[in-house]
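J.: Shown below is the structure under consideration.
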Amino acid sequence: MNRRHFLAAAGALFVEFPAFGQVPGAPSMKALDSWVAIGADGTVTAYSGKEELGQGIFTAQAQLVAEELCVPFNRVKLITCDTALTPDQAHTSGSQSHPANFNHGNLALACATAREALIRLASTKLGVPVSELSAVNGEVRSASKAIGYGELVGGQKFNLTLDPAAKRRDPKTWTVLGKPVPRTDIPEIVTGRFEYVQNVRVPGMLHGGVVRPPSPGAKLASVDEASIAGMPGLVKVIVKKDFVGVVAEKQWQAIQAAQKLKVSWTPGPALPPFAGFAEHLKKQQPTRDTRLLDSGDVDQKLASAATVMKASYYHPYQMHGSVGGSCAVADVQGGKATIWSATQGVWYQKSACATLLGLRPADVHVIFQRGSGCYGLNGADTVTYDAAVMSQAVGKPVRVQLSRADEMAWENFGNAFALEQRVGLDARGYIVAWDHEAWSPTLGNRPGPSTPGNVITGTLLGYQPEPFVARSPAPPAGAFGSSGFNNSSNGIPSYAGAGHGNVKSVRVLVHNVRSAFFTGPLRSPARLQNTFAHECFMDEIAAKLQVDPLEYRLRHLSFFRLRDALTEVAKAANWQKRPSPNPKRPKTGMAPGRGIAVVAYEGDNGYAALVAEVEVDLATGLIHTKRIVVSNDSGPVSNPDGIKNQIEGGALQGLSRALGEEVTWDQTKVTSVHWGNYRSLTLGMETPVIESVLINRPEEEACGSGETSITLIQAAIGNAVFDATGARLREAPFTPARVLAAIKASS
Amino acid sequence: MSAITLKVNGQTHQVDIDPATPLLYALSDDLGLRGPKFGCGLGQCGACTVIVRGEAIRSCVTPVASVAGVEITTLEGIGTPEKPHPLQQAFIDLQAAQCGYCMSGVILSAKALLDKNPKAQKPEIERVLQGIICRCFTNARIVQAIDKVAR
Ligand code: FES
Ligand code: FES
């Protein structure tokens, strides 16, 4: 089960995406020719709907193609995410690329089908039975003869459908897949040759600048075009409903014109209070309630438990904060559009842009062009709409680059979460009931054909964000422990008996409330926030019982992949069994501590555990992270170095989120709009040692590894700080002031 | 608008431009260079870094007129995919990039440091990386790659 499945099943935090192949004209997912073409010279061109975002999946997919098709790696040409060429594999998101294309379906199955077809063709041509033939190095060979792929099908179509019976190559024989093949894009990147979407230049291209409202919900009152009349290079002022943009010949001219244009706005409603936002969330009405899991007996089990423990946690809104301002180039002329976009979903852009431009989807061509790392729904989609609308208005190609403030004030933030938990313990200290209740604000999401309003530009153009449908009480959850159960909702503790653990009585209830700000998936959506609460609470319970935190987790976990992740990380980190907090912790100076956390990402899409070692400066409250050890099981390892790069980056990005990142606002507007007031760790940070242990399971399904370490680090740091100081951090980010306050409260 | 002479990566160009235009836009729009990139426009992130007079500077906050006639080096000026600079080679060897958008700031700041002090120690390396943001957090490999060249 994957995130898409969950969306259909629970509909809690994200709306369901339209099905694959939503737009007529997408290459058929079943046709082999949609995935693989063999040229007369024997080159293999593969087509994939999963794109490179910096996570290394481009190279990994080329490895897969080389391996399954038995061709040299450098003979593989891979084309990704172009609506004129590639299959519609929905979004590149949610750690879904590895499972989607490396299991028995899609790209992997296409390559296996093609290899078998080539062998059959060779059998006919050479008059040798299939059983005596094998595919090697771009040829089909028998003991005495060989024929190249180019000669077999060169330039022709296969005209076959994917064959579910096609045999994948045995991982034991892999020579390319599973190896640390270097990424093919890095030489161009580090020498400044790589063409990002920010670098796309088309003949006759103009530059657009946007004028966003001063605050959420503000409406356009008037635009004084005369205020910039005669500015050099100015081409046009574009006003459409609440959308305001300017187009100029040069980028600097567009920036200045957008800044100088006099625009009046009618203010939007007051924003919710920043201070005490967690409490505000819990009181907000109406709510949309979802029961992710309910064994039906939680209240009763809590009432009869020997001990009941409670805990509250809060996680703020956070940003994707891409380092590059989002950018797109659109050329809309003569009823047709060509769009270069760093979107995670070219097919959704095709249909949504068609809606916005009043064109037929068939007349909109979207080409994925990489931007700076997005980590989810950053400004890539919204800026695509900006470019498309402005290009249509001037009938020329337009490039739009968002400013830092426009990016940061208006992106779809990662959801804030307020979380309340209770557990009931039996006389021996085992958890017999776990009650989890969360409040999370939501507005907008990934945009689709009927919901361009899910991002700011669409809203300004008059489209509504997907409606907030109140629902309370929550409908019943699926049967507890039934075979249909899944934990991919990212809200259920791993220890639930219906999931991977032994806790028989569990209730997980989520209240979504209206958000004043746009929200959308940010790397490890909901799972990071929930894991922070689950894994820190687990630590609190272990501490209260004076049991080692690793040992206490293992007591409540039944699933071998989670147990292995824990024992492997403990081994690598040389975990010493003892309860937390550290009995020998100092009262002054630097206090060392260690913390652990474990997760089943989306329930079944990657299993990982993490140990963090910190030193807390008791005088300043600064947390110094010294060492991070991660174990990661994403099934068969497709590229070990690529996975390590993801683990390392995820751990530190998560550390930055845990230690300093928080969207801030005043009564009317978002105030964290540049790197001076949205606190990201920089490259000059004291970088901890990061070690990763890859658990390779060739016999299991391929699953994700891009969101595992980031999910765990905040909980592990919180637990390490507790170990070091005895102070429990309940609110992220863990700023020095919060650490000092927690230390003070605990002593 | 005025005619300004730009010397970039050993080549001389004449551009007709508003002299207050930040150098970044002259490089990326008038000269079509891909190395320096827009990140913040505020001198906070390093994505737009170029080397001028031996210093790694932020081209997004440098008016083009202030560097007229002065040699400017961008990321593409120090090496090619076929013949990368030793720093670029170290980044390839250690696979020290994810999205790679931050590379101008990272590699050119390191180059400016190592040109002055070829044996720079880790703390100095970390100091020049202080003002550079890599949101993919490729930190560990980046520091290692620079350190490898400094050893
Ligand atoms: S773009 Fe120049 S420092 Fe950020
Ligand atoms: S590699 Fe993506 S920002 Fe540095």
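Protein chains in written order, with the numbering used here: chain P, 315 to 1061; chain E, 177 to 327.
Where a beta carbon is used, it is the ideal one built from N, C-alpha and C, also for glycine.
Would you say residue 315(E) faces chain P, with C-beta separation under 8 Å as the test?
T.: Closer than 8 Å: yes.
J.: Say whether chain P places a C-beta atom closer than 8 Å to the C-beta of residue 324(E).
T.: No, because no Cβ of chain P sits closer than 8 Å to the Cβ of residue 324(E).
J.: Under 7 Å: does the beta carbon of residue 487(P) sit that close to some heavy atom of ligand 2?
T.: No, ligand 2 has no heavy atom inside 7 Å of this Cβ.
J.: Closer than 7 Å: is that where the CB of residue 224(E) sits relative to any heavy atom of ligand 1?
T.: Yes; taking the cut-off as 7 Å, the Cβ of residue 224(E) has a heavy atom of ligand 1 nearer than that.
J.: Taking 8 Å as the CB-CB cut-off, is residue 508(P) touching chain E?
T.: Cβ-Cβ to chain E under 8 Å: yes for residue 508(P).
J.: Does DSSP put residue 826(P) in a helix, a strand or coil?
T.: Three-state DSSP puts residue 826(P) in a strand.
J.: If the criterion is Cβ atoms closer than 8 Å, does the pair residue 367(P) and residue 422(P) meet it?
T.: No, the Cβ-Cβ distance between residue 367(P) and residue 422(P) is not below 8 Å.
J.: Determine whether the Cβ of residue 310(E) lies closer than 8 Å to any Cβ atom of chain P.
T.: It does: the Cβ of residue 310(E) has a partner Cβ on chain P nearer than 8 Å.
J.: For the candidate residues 452(P), 960(P), 917(P) and 865(P), whose alpha-carbon lies nearest to that of residue 606(P)?
T.: Residue 606(P) has its Cα closest to that of 917(P), out of 452(P), 960(P), 917(P) and 865(P).
J.: Could you spell out the range, first to last residue, of the beta strand (DSSP E) harbouring residue 248(E)?
T.: It spans 247 to 249 - the beta strand (DSSP E) in which residue 248(E) sits, taken as one unbroken run.
J.: Given 8 Å as the limit, is there contact between the region 482 to 496 of chain P and the region 950 to 957 of chain P, that is, 3 or more CB pairs closer than that?
T.: The region 482 to 496 of chain P, when compared against the region 950 to 957 of chain P, does touch it at the 8 Å Cβ threshold.
J.: Verify the CB distance criterion: does residue 639(P) have a CB-CB separation below 8 Å to chain E?
T.: So yes, residue 639(P) belongs to the interface.
J.: Here's a check: name, in chain order, each residue in its chain whose Cβ is nearer than 8 Å to the Cβ of residue 677(P), leaving out the five neighbours to either side.
T.: Here the set comprises 649, 650, 651 and 668.
J.: Below 7 Å between beta carbons is the criterion; list the residues of the region 220 to 243 of chain E that meet it against any residue of chain P, in chain order.
T.: Going along the region 220 to 243 of chain E in chain order, one finds 220, 221 and 223 with a Cβ nearer than 7 Å to chain P.
J.: Beta-carbon within less than 7 Å of residue 516(P)'s beta-carbon, same chain only, minus the 5 sequence neighbours each way: which residues are those?
T.: Here the set comprises 643, 645 and 711.
J.: Taking Cβ positions only, does residue 280(E) come closer than 8 Å to chain P?
T.: Closer than 8 Å: yes.
J.: Rounded to the nearest angstrom, what separates residue 673(P) and residue 701(P) at their Cα positions?
T.: Whole-angstrom Cα-Cα distance: 15 Å.
J.: If you count every other CB in all the chains shown that lies within 10 Å of the CB of residue 885(P), and 16 or more means buried, which is it?
T.: Residue 885(P) is exposed by the Cβ-count criterion.
J.: Mind checking if residue 704(P) is an interface residue toward chain E, Cβ cutoff 8 Å exclusive?
T.: For residue 704(P), the answer is no, since every Cβ of chain E falls outside 8 Å of its Cβ.
J.: For a quick check, are the C-beta atoms of residue 249(E) and residue 235(E) less than 8 Å apart?
T.: Their beta carbons are not under 8 Å apart, which means residue 249(E) does not touch residue 235(E) by this criterion.
J.: DSSP three-state call for residue 437(P): helix, strand or coil?
T.: In the structure shown, residue 437(P) sits in a helix (DSSP, three-state: H, G or I).
J.: Less than 8 Å separating the beta-carbons of residue 879(P) and residue 950(P)?
T.: No, Cβ-Cβ distance for residue 879(P) and residue 950(P) is not below 8 Å.
J.: Sorted by chain position, which residues of the same chain lie with C-beta nearer than 7 Å to residue 180(E)'s C-beta, five sequence neighbours on each side aside?
T.: 191, 193, 195, 240, 241 and 244.
J.: Find the residues of chain E that neighbour residue 530(P), judging by a C-beta separation of less than 9 Å, and give them in chain order.
T.: Neighbours of residue 530(P) on chain E: none; closest Cβ ~22 Å, over 9 Å.
J.: What are the boundary residues of the alpha helix (DSSP H) that residue 596(P) is part of?
T.: First-last of the alpha helix (DSSP H) with residue 596(P): 591 to 597.
J.: Just tell me which of 692(P), 995(P), 510(P) and 976(P) has its CA closest to the CA of residue 969(P).
T.: The candidate whose alpha carbon is nearest that of residue 969(P) is 995(P).
J.: Is residue 387(P) helix, strand or coil by DSSP?
T.: Helix.
J.: Using a Cβ cut-off of 7 Å, pull out every chain E residue sitting near residue 1092(P), in sequence order please.
T.: A question about residue 1092(P) goes unanswered here, because the residues of chain P that appear run from 315 up to 1061.
J.: Take every Cβ of the region 524 to 537 of chain P, pair it with every Cβ of the region 385 to 403 of chain P, and state whether three or more of those distances are shorter than 8 Å.
T.: These segments do not touch.
J.: Can you list the residues of chain E that residue 492(P) reaches, using a CB-CB cut of under 7 Å?
T.: The contacting residues do not exist; residue 492(P) stays about 16 Å from chain E at best.
J.: Is the CB-CB distance between residue 717(P) and residue 638(P) below 8 Å?
T.: No, the pair does not count as a contact, with Cβ atoms beyond the cut-off.
J.: By Cβ distance below 7 Å, which residues in the same chain neighbour residue 834(P) in space, the five residues on each side in sequence not counted?
T.: If we look at residue 834(P) and ignore the five residues flanking it on each side, its Cβ neighbours are 690, 691, 726, 758, 759 and 760.
J.: Where do the ends of the alpha helix (DSSP H) carrying residue 874(P) lie?
T.: Residue 874(P) -> alpha helix (DSSP H) spans 874 to 887.
J.: May I have the straight-line CA-CA distance separating residue 381(P) from residue 412(P), to the nearest angstrom?
T.: So the alpha carbons of these two residues sit roughly 15 Å apart.
J.: Chain P beta carbons: is any one of them nearer than 8 Å to that of residue 286(E)?
T.: So, not an interface residue.
J.: I'd like to confirm something about residue 785(P): is its beta-carbon nearer than 7 Å to some heavy atom of ligand 1, or not?
T.: For ligand 1, not one heavy atom lies less than 7 Å from the Cβ of residue 785(P).
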